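Participant: Before we start, here is the structure in question, set down as structure tokens.
Residue numbers (the working numbering): -16 to 395.
Below, the structure written as structure tokens:
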């Protein structure tokens, strides 16, 4: 027979006997013990008495806190956006004669997207080139006319000089002199006409050159190419479809660099600077880093926020356009105190703050601004660089009450 079950049964029986038959005795014993201990405990918790003055002080627990410089950041909710996106459209009309490229394909800069039927454009170019050759052939003829007109001017000038001398000596009539002068004027007019013909021929060359360039440009427009390397966001135009000026051929986006776009509230816009480091966490959990490349100087009329852009590398194209991102932008460090969240309290007006110990061990409420909540505690500012903060008992004192502090080690 085992002893332990027997002893257990005896103890249970004894307990039942005391509860049932000796209940009054048991209750009286408990009440007398509680009455003896309560005054001593109350006196120890609520107050301490100074031996010198007999003044009653409230016992509290406090810590010496020294401000530390912490990195500050502006936190935004934003999205990713392609660095470049463009819809490539036709500049001329024509039927598509190229096979379509499917969306998602990678396109290099200058690669063909759509080719249009040339139609009669080749013939127009040949005609323009023929007219250019014809215009260029008129120039030598016009230049020869200038030379011939110059020779006639010199001949008329010689005849005029001879007529003037003979007329002065009386060997030529007045009619001959007038005829020589008229011949001189006619020759000078011929030079002007020849020069005008040269200018007209040169103008014809320029007009023909412009026609050739226009015809060649029309042919160049038949091939629609990618303006930069990127991904096709849409299929290119289908084979046989009719394109008009402005008709989209394809949409292409560039993702090897991507922008993180957010909107900064008025209160934080002064904390953001172009060139500042920034990071983001995407909905996929991926973390990226970059720098602020743009900060709007004009607020949105509805939200009163300012657009900010952060450029990050995306060489592997892992980040897509339009993803949600939590953006953190680094700003200048600030001095703050690390305290336990339970240390915070409210004054009669509902202002958040802490109870501190002023000179003479007097309790004093000081408002604070909450900067950041961490696993180690909360960072608060708007306090002196060095301060004694009440951590336990702050709810039982008000401004002006003397306390008896017991100091603990501050959070690091």
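Heads up, the beta-carbon is just placed ideally off N, CA and C, and yes, glycines get one too. A quick note: this is a predicted structure, and the numbers were derived from the prediction, not measured.
Does DSSP classify residue 48 as helix, strand or coil?
Facilitator: Numbered from its first residue, the chain shown carries residue 48 at position 65. Correct three-state label for residue 48: strand.
Participant: Relative to the C-alpha of residue 321, which residue among 368, 216, 225, 330 is closest?
Facilitator: For the purposes of this step, residue 321 is taken as the residue at position 338 of the chain shown. Check the Cα spacing between residue 321 and each of 368, 216, 225, 330: the tightest is with 368.
Participant: For the beta strand (DSSP E) that residue 347 lies in, which residues bound it at each end?
Facilitator: In the chain shown, residue 347 corresponds to position 364, counting from 1. Per DSSP, residue 347 belongs to the beta strand (DSSP E) from 345 to 350.
Participant: Run through DSSP, which three-state label would residue 239 get?
Facilitator: The count along the chain shown starts at 1 and reaches residue 239 at position 256. Strand at residue 239.
Participant: By the three-class DSSP mapping on this structure, what secondary structure does residue 89 have?
Facilitator: As a first step, residue 89 is located in the chain shown; it is residue number 106 there, counting from the start. Look at residue 89 here: in three-state DSSP terms it is strand.
Participant: Can you tell me which of the three DSSP states residue 322 falls into?
Facilitator: Within the chain shown, the letter at position 339 stands for residue 322. Residue 322: strand per DSSP, three-state reduction.
Participant: Taking all protein chains shown into account, decide if residue 70 is buried (16 or more other Cβ within 10 angstroms of its Cβ) or exposed.
Facilitator: Translated into the one-based positions of the chain shown, residue 70 becomes position 87. Exposed, because fewer than 16 other Cβ atoms sit within 10 Å of the Cβ of residue 70.
Participant: Considering only DSSP beta bridges, list what residue 335 is partnered with.
Facilitator: Here residue 335 refers to the residue found at position 352 when the chain shown is read from its first residue. Secondary-structure assignment with DSSP links residue 335 through a beta bridge to 329.
Participant: For the beta strand (DSSP E) containing residue 206, name the first residue and the last one.
Facilitator: Here the question's residue 206 lines up with position 223 in the chain shown. Unbroken beta strand (DSSP E) run through residue 206: 206 to 208.
Participant: What does a CB cutoff of less than 8 Å around residue 101 pick up in its chain, not counting 5 residues either side in sequence?
Facilitator: Taking the first residue of the chain shown as 1, we reach residue 101 at position 118. Result list for residue 101: 77, 202, 205, in chain order.
Participant: When you compare the CB of residue 300 with every CB in chain D, is at least one pair closer than 9 Å?
Facilitator: Of the protein chains in the structure, only one exists, and it is not chain D.
Participant: Less than 8 Å between the CB atoms is what I'm expecting for residue 319 and residue 58, so what's the real figure, rounded?
Facilitator: The count along the chain shown starts at 1 and reaches residue 319 at position 336. The count along the chain shown starts at 1 and reaches residue 58 at position 75. Residue 319 to residue 58, Cβ: 16 Å. No contact.
Participant: Can you tell me the Cα-Cα spacing of residue 92 and residue 295, whole angstroms?
Facilitator: Here residue 92 refers to the residue found at position 109 of the chain shown. Here residue 295 refers to the residue found at position 312 of the chain shown. Approximately 21 Å between the Cα atoms of the pair.
Participant: Determine the direct distance from the alpha carbon of residue 249 to that of residue 391, and round the result to whole angstroms.
Facilitator: Your numbering for residue 391 matches position 408 in the chain shown. Your numbering for residue 249 matches position 266 in the chain shown. Approximately 40 Å between the Cα atoms of the pair.
Participant: My guess is that residue 238 and residue 214 are in contact by the Cβ rule of under 8 Å, so how many angstroms apart are they, rounded?
Facilitator: Taking the chain shown and counting its residues from 1, the one referred to as residue 238 is at position 255. Taking the chain shown and counting its residues from 1, the one referred to as residue 214 is at position 231. Indeed, because the Cβ distance is near 6 Å, the residues count as touching under 8 Å.
Participant: By DSSP, does residue 61 sit in helix, in strand, or in coil?
Facilitator: Taking the chain shown and counting its residues from 1, the one referred to as residue 61 is at position 78. Under the three-state reduction of DSSP, residue 61 is assigned to strand.
Participant: Within a Cβ cutoff of 6 Å, which residues of the same chain sit near residue 184, ignoring the five residues on either side of it in sequence?
Facilitator: Within the chain shown, the letter at position 201 stands for residue 184. Closer than 6 Å at the Cβ level, and outside the excluded window around residue 184, lie 121, 122, 125.
Participant: Between the segment 333 to 341 and the segment 361 to 379, do at least 3 Cβ pairs fall closer than 8 Å?
Facilitator: Enough Cβ pairs lie closer than 8 Å, so yes.
Participant: Could you check what DSSP says for residue 26 in three-state terms: helix, strand or coil?
Facilitator: As a first step, residue 26 is located in the chain shown; it is residue number 43 there, counting from the start. Here the model assigns residue 26 a pLDDT of 39, short of 50, so the residue's position is not dependable, and the following value carries that caveat. Here residue 26 carries a helix assignment [DSSP, helix/strand/coil].
Participant: Using only alpha-carbon positions, find the residue among 306, 252, 287, 256 that is nearest to residue 270.
Facilitator: Position 287 of the chain shown, counting from 1, holds the residue named residue 270. When each option's Cα is compared against that of residue 270, the closest is 306.
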